[in-house]
Amino acid sequence: MSKDAFHVLNPSPWPIFTAASSFGVMASAAFFMHSFPYSRFALFSSTVLLLACMFYWWRDVIADGVVGKAHTPVVRRGLRIGMILFLFTEVMFFITFFWSIFKAWLDPAYVMEGPWPGVRLTWPPEGITTVNPWNLPLLNTMILLLSGASVTWAHRSVLKGDNDGVIKGLLYTVVLGLIFTCLQGYEYYHSTFALAEEGYKAIYSSNFYIATGFHGLHVIIGTIFLAVCYFRARAGQFTPQNHLGLEFAAWYWHFVDVVWLLLFAFLYWLSVAF
3 MSKDAFHVLN PSPWPIFTAA SSFGVMASAA FFMHSFPYSR FALFSSTVLL LACMFYWWRD
63 VIADGVVGKA HTPVVRRGLR IGMILFLFTE VMFFITFFWS IFKAWLDPAY VMEGPWPGVR
123 LTWPPEGITT VNPWNLPLLN TMILLLSGAS VTWAHRSVLK GDNDGVIKGL LYTVVLGLIF
183 TCLQGYEYYH STFALAEEGY KAIYSSNFYI ATGFHGLHVI IGTIFLAVCY FRARAGQFTP
243 QNHLGLEFAA WYWHFVDVVW LLLFAFLYWL SVAF
């Protein structure tokens, strides 16, 4: 710890290892899409390496705060700024998907014209049987809204020093996140259209699966994030003064909730109804 309350980090291998493994994931994914030899093994190996680097890096950050008591108010402010910037990049990431959805929905003739003469261009395209928004999507919406309430309960409980409430709130949120993921997988399995649709139907299927798929990936990440917080809460690591991990997990989960509400409103419902 320096004299001005900033935490002076010890030399760490995790930043460079994480950067290298991230590059490996991106490169091997590109090779895999083009059927390069051994690309599947390279993608798997680099993904495992990336996850391991992230685990050990976050373990060190947690140890700095819990064991080393290095998360002073100044350090916590810096970490909050970092999390806000990260969430901003996530917002921009999902804006690209919504941009594509709105473009294809509001101006389908422009997006889909060209290779399919004689086809009446509509949104959704002819031949696509869309998912009924009032069945599983509505149930999943209720589940995520309920999970948002339970994670808020956990956050408010830690501010009051109620560790039992933190544990229960996080447990309920993790269970609801797992239920959402299972129902989303069930919806994919029984969907009448595939990601690999061809022709004018591909614009809808690709928008649907990429947007909901990346959201589902974020739900899985958020569920893991909250599960780690659950075990940390059981170990008594959160206090009203120092609970950054739980706070960031709650922020991330609320972000995931908002993205789903927008997907439900515009992709599942309004773009199909109007």
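To convert a position in the sequence shown, counted from 1, into the numbering used here, add 2.
C-beta: ideal position from N, C-alpha, C; glycine also.
{"Check": "Between the C-alpha atoms of R236 and I169, what's the straight-line distance to the nearest angstrom?", "Outcome": "7 Å"}
{"Check": "Taking the alpha carbon of P127 as the reference point, which residue from V230, G201, F25 and L219 has its own alpha carbon closest?", "Outcome": "G201"}
{"Check": "With 16 as the cutoff for other CB atoms within 10 Å, does C231 come out buried or exposed?", "Outcome": "buried"}
{"Check": "To test your reading of the DSSP string, which unbroken beta strand (DSSP E) runs of 3 or more residues are found completely within the region 22-51?", "Outcome": "none"}
{"Check": "The alpha helix (DSSP H) spanning P135 covers which residue range?", "Outcome": "Where P135 is concerned, there is no enclosing alpha helix (DSSP H), given that its DSSP letter is neither H nor E."}
{"Check": "In or out: H36 buried (at least 16 other Cβ within 10 Å) or exposed?", "Outcome": "exposed"}
{"Check": "CA-CA distance, L264 and I145?", "Outcome": "15 Å"}
{"Check": "For R78, decide whether its Cβ has a neighbour in chain D, counting only Cβ atoms nearer than 8 Å.", "Outcome": "In the displayed structure, chain D is absent; only one protein chain is listed."}
{"Check": "Which class does P110 belong to by DSSP, given the choice of helix, strand or coil?", "Outcome": "helix"}
{"Check": "Rounded to a whole number of angstroms, what is the C-alpha to C-alpha distance between T131 and F250?", "Outcome": "39 Å"}
{"Check": "Rounded to whole angstroms, what's the CA-CA distance from L147 to D259? Just pull it up for me.", "Outcome": "7 Å"}
{"Check": "Per DSSP, what kind of secondary structure is T225 in: helix, strand or coil?", "Outcome": "helix"}
{"Check": "Residues in its own chain within less than 7 Å of W253 by CB, not counting five upstream and five downstream?", "Outcome": "M85 and L89"}
{"Check": "Considering just the uninterrupted stretch of the alpha helix (DSSP H) at K170, what are its terminal residues?", "Outcome": "N165 to Y191"}
{"Check": "When the Cα atoms are used, what is the spatial distance from A208 to H217?", "Outcome": "For clarity, residue 208 is Ser in the given sequence; the question names Ala instead. Cα to Cα, the separation comes out at about 14 Å."}
{"Check": "Flag this pair as touching only if the region 47-58 and the region 26-36 have three or more C-beta atom pairs under 8 Å; answer yes or no.", "Outcome": "yes"}
{"Check": "Where do the N-terminal and C-terminal ends of the alpha helix (DSSP H) with W125 fall, by residue?", "Outcome": "That residue, W125, is in no alpha helix (DSSP H); it is neither H nor E in DSSP."}
{"Check": "Since I believe S193 is in contact with V133 (beta carbons under 8 Å), could you give me their beta-carbon distance rounded to a whole number of angstroms?", "Outcome": "7 Å"}
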